[in-house]
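The next block holds one structure in the form of structure tokens; read it before the comments.
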Amino acid sequence: MLTEKPTVSRSFQRIIGVHTGRKPGPSLVCVGGIHGNETSGIVALERVFDTLAKKDCNFQGELTGIAGNLQALRLGDRYMGDDLNRVWTPERVALLERGGPPDLAPADWQEMTELHAALSEAFERATGEVAFLDLHTSSAFGEPFVLLGDTIRNRRFAFRFPAPVILGLEETIDGVLLEHVNSLGHITIGFEAGQHDDPQSICNQEAAIWIMLNAAGCVDANQIPAAREAFDTLRRQTQHLPAVMEIRRRRPVEKGDGFNMRPGYRNFQQVSAGEVLAETHAGDVAAEETGRILLPLYQGQGNDGYFLGRSVSRFWLRVSYLLRRLHVHRLASWLPGVRRDPDHEACFIVDKHVARFFPLQIMHLMGFRKVRQRGDTLIVSRRRYDLRGPNDRAS
Ligand SMILES: [Zn+2]
């Protein structure tokens, strides 16, 4: 089922706005519309800039709003040649910073170059801690949620949101903007606000921006009615959902495989193992395990058919916090079946034959993320800025 493409009747600028407080402080950088069919983040940013312009709220630091994929926004398409939220691999970012030669179609390379420049300028202006918020919507209906690259620093922000926090989604896909910004040492949060054209999604995006501004310390939510209401706006929709979920499966969509999601699935809907979720030319696609479905694909463009997740207890998050504070990852290569990758300093190779006991889960607890999996071999690496940012001194 394809949703009808909305007619686009407005113009878009790369810089949506910059609001600088009288006092120095943290910086929040927000991107809306890195997918061109997701305009709600841009509208929400405009609303927040309007409110800030009208009200003297003792703002500290800076808020920058950036439009992601300008050409796709103008067309109302998710992307042009390549998905602009799948191109930020370390290799390509390095190529772009060297000035090419481009390995994307000219229009995509131009978007990536301009977005990279706009982000770099905002990061370079920052005098304090930098937080980054990437605003998205989905083709399916459902409640809003927060996406997290699981570092202790990101968790501090993510758990300020009264909405489910989803771990591990970025591990299943390469080249997402959040991971690139995370590797620079900034706080990174992704936010999925709801269905693309649902007016509620704009309100949810606005709430997310206020919650981030408050968490960063740019505003005091008690002084701004919209910021105060933000928490209730999200809580009303999400209080029946698990606080934390981990992604366990991603169903990729290959070009020409005829993937067609069965109608009616919503984000967070419970599905059972074996339940037929979609059809392809090769036959039915059944749920690989019981859990909750996220981001079922109901639009023409996109490489992710759906994701399956399940809830994680807060107990395990506390355990992993302790393990990371104790720097237990330094002992990783003592674990059976785990050795350092001789070619990549930050990576470890896990032999799943030897390390049979939930190897990825254990590596997650210590703060590693999956880089890739080949047969029985798992490659994991640690995010550099887990407990401390690039400018924080060692404690
Ligand atoms: Zn998106």
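Everything in the sequence shown is counted per numbering that gives the first Met the number 0, starting at 0 for the first residue and increasing by one. Ideal placement from N, C-alpha and C gives every residue a C-beta, glycine not left out.
For residue 193, the enclosing beta strand (DSSP E) stretches over residues 186–194.
At a Cβ-Cβ threshold of 8 Å, residue 297 and residue 138 count as neighbours.
Taken through DSSP and simplified to helix, strand or coil, residue 53 comes out as helix. In this structure, residue 273 sits away from residue 281, with a CB-CB distance that is not shorter than 8 Å. DSSP, read as helix, strand or coil, puts residue 314 in helix. The stretch 186–267 is shown to contain whole alpha helix (DSSP H) runs of 4 or more residues at 198–215, 224–237, in chain order. Residue range 376–381 is occupied by the beta strand (DSSP E) that includes residue 380.
Residue state for residue 151 is assigned as helix, using DSSP reduced to three classes. Residue 58 and residue 212 have their C-alpha atoms roughly 9 Å apart. If you draw a straight line from the Cα of residue 165 to the Cα of residue 244, it is about 5 Å long. Taking 7 Å as the cut-off, the C-beta of residue 84 counts as close to a heavy atom of ligand 1. With contacts defined as CB atoms closer than 8 Å, residue 216 and residue 25 qualify as a contacting pair. For residue 272, the three-state secondary structure derived from DSSP is coil. Between the stretch 152–163 and the stretch 235–243, the count of C-beta pairs closer than 8 Å reaches three or more; the two stretches touch. 347 is the residue among 360, 347, 205 whose C-alpha sits nearest the C-alpha of residue 337. Those residues placing their Cβ nearer than 6 Å to any heavy atom of ligand 1 are, following chain order, 34, 37, 135. With a threshold of 16 other beta carbon atoms within 10 Å, residue 64 meets it and is buried. Between the beta-carbon of residue 31 and that of residue 44 there is about 5 Å, and that keeps the pair under the 8 Å contact cut.
Apart from sequence neighbours up to five positions away, the residues of its chain that approach residue 86 with a beta-carbon distance below 8 Å are 103, 107, 111, 174, ordered along the chain. With a contact defined as Cβ atoms closer than 8 Å, residue 192 and residue 200 qualify at about 4 Å. Approximately 11 Å separates the beta-carbon atoms of residue 16 and residue 61; this is outside 8 Å, ruling out the contact. Contact between residue 190 and residue 207 is confirmed by a C-beta separation of about 4 Å, below the 8 Å threshold. Taking all protein chains in view, the Cβ of residue 126 is surrounded by fewer than 16 other Cβ atoms within 10 Å, so the residue is classified as exposed. Nearest to residue 168 by alpha-carbon distance, out of 368, 381, 114, is 368. Across the structure, residue 293 and residue 148 are spaced so that their CA atoms are roughly 17 Å apart.
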